[in-house]
Amino acid sequence: MKAILTSTLALFIGANSFAQSQNIKGVVNDQQGEHVPYAFLVDVEHKNATYADSTGAFNMQVAPEAKIVVIAGGHKEYTFSPDNKANYNIVLEGKNEGANSDTKIKRSIVQNFDTFNSRVNTMNATGNGTVSVTTRQEATQGSRYLYDYWVHGYVISAADSIVQNTHYLFNYDKMNGSLMVNKDNNTVLQIDGNSFKSFVLFDKQVSNHVFVKVPAISLQRYVEVIADGPKYKIYKDVATKFHKADFSTNGIASTGNNYDEYIDQNFYYVIKDGGQPVKLQLKKKALKEAFAADADKLNKFMSASGGGDIDENYLKQLGEAMNK
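Quick note on numbering: the sequence shown equals residues 6 to 329 in this note's numbering.
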């Protein structure tokens, strides 16, 4: 799997909790000076975590009183409290021999996904970083899965614990709303959604993605957190439908497609002060209606952002601005 450079996003934390937060970065090495790839760094108390990339480099936003635990397969756990330094050189004891799935930290981080209620799918998990789907035609367009490759991530359990294993990779089934765990490149577990509150997936594009269940938006699927603040929350719901090949011709005219297709449709919602979700269209008029209660702040943001396209990145920046 290619390098994944991750950043971190706190879950279920009030705005004041990170008001005095600091950004720390550094590298995780072993005692021989070799980089430790994909080390997992976690602040248990604040439910805040990230991965190092393939070179051991990490970047993390932490609270002043945070205690960071570093976990990597074959190494002794390492704990440190960030001070005023911005750069850290973490040296782990041991060798890169793989994670111990039975390890627990302060009874809060469980590294064994078998503790979840799950069922084994017969889906094949290929070892080359892609998801192989049975019965899928070669010409099929799109995918029912969020990623075409397995990604790193972690889960917040129903008991409010961080659940992570450095050897397990993830994907998300957009059609049935299931989180999948690739254990050994042969077995994929589909986790019972009642076993966890939320999950975080790390992609290849230097981004992490937080997913939560918002029943008022969808009873079946998880939605992605675009912005999360004390006043406004913005979510993205991806509805994926399967359209079977329907090509036909009479020799003169033809209709339909000669391939199966998974079609995504993105819906965005805003929730103000814990109220009901309001669907957002990516148009200025719709945004002005949704944020009418803070029209001055919205107009200031729009003026500063210029005349660029209103896309998902625009919504993220808008959410941050409206929550200040």
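C-beta atoms are modelled at their ideal positions from N, C-alpha and C, and glycine is treated no differently. As the structure is a prediction and not an experimental result, all values here were calculated from the model.
Looking from the CA of residue 215, the closest CA among 203, 62 and 81 belongs to 203. Beta bridge pairing from DSSP links residue 285 with 273.
Residue 217 and residue 254 have their C-alpha atoms spaced approximately 45 Å apart. Here DSSP, grouped into helix, strand and coil, assigns residue 279 to coil. Excluding five sequence positions before and after residue 239, the CB atoms of its chain that fall closer than 6 Å to its own CB belong to 231, 232, 275, 320 and 324, given in chain order.
In the structure shown, residue 208 adopts coil according to DSSP, grouped into three states. Within its own chain, the residues whose Cβ lies closer than 6 Å to the Cβ of residue 242, once the five positions on either side in sequence are excluded, are 222, 223, 228 and 272, listed in chain order. Around the beta-carbon of residue 61, 16 or more other beta-carbon atoms lie within 10 Å, marking it buried. Residue pairing for residue 85: DSSP places it in a beta bridge opposite 73. Rounded to whole angstroms, the gap between the alpha carbons of residue 170 and residue 161 is 13 Å. With a cutoff of 8 Å on beta-carbon distance, residue 54 and residue 159 are scored as near each other.
For residue 264, no pairing in a beta bridge is given by DSSP. Comparing alpha-carbon positions, the option among 71, 28 and 100 lying closest to residue 35 turns out to be 100.
Just so you know, the alpha carbons of residue 288 and residue 30 end up roughly 37 Å apart.
A distance below 8 Å between beta-carbons, with the five flanking residues on each side excluded, links residue 145 to the following residues of its chain, in chain order: 264, 265, 266 and 267. Counting along the chain, residue 233 sits inside the beta strand (DSSP E) bounded by residues 228 to 233. Considering only 208, 198 and 207, the residue with the shortest C-alpha distance to residue 219 is 198. Looking at 184, 84 and 322, the one whose alpha-carbon comes closest to that of residue 151 is 184.
Here the alpha carbons of residue 295 and residue 278 stand approximately 13 Å from one another.
In the three-state scheme derived from DSSP, where H, G and I count as helix and E and B as strand, residue 27 is classed as strand. In terms of Cβ geometry, residue 157 and residue 56 form a close pair [threshold 8 Å].
Residue range 157 to 162 is occupied by the beta strand (DSSP E) that includes residue 158. Rounded to whole angstroms, the gap between the alpha carbons of residue 191 and residue 78 is 20 Å. Note that the C-beta distance between residue 237 and residue 327 is below 8 Å.
Secondary structure of residue 52 (DSSP, three-state): coil.
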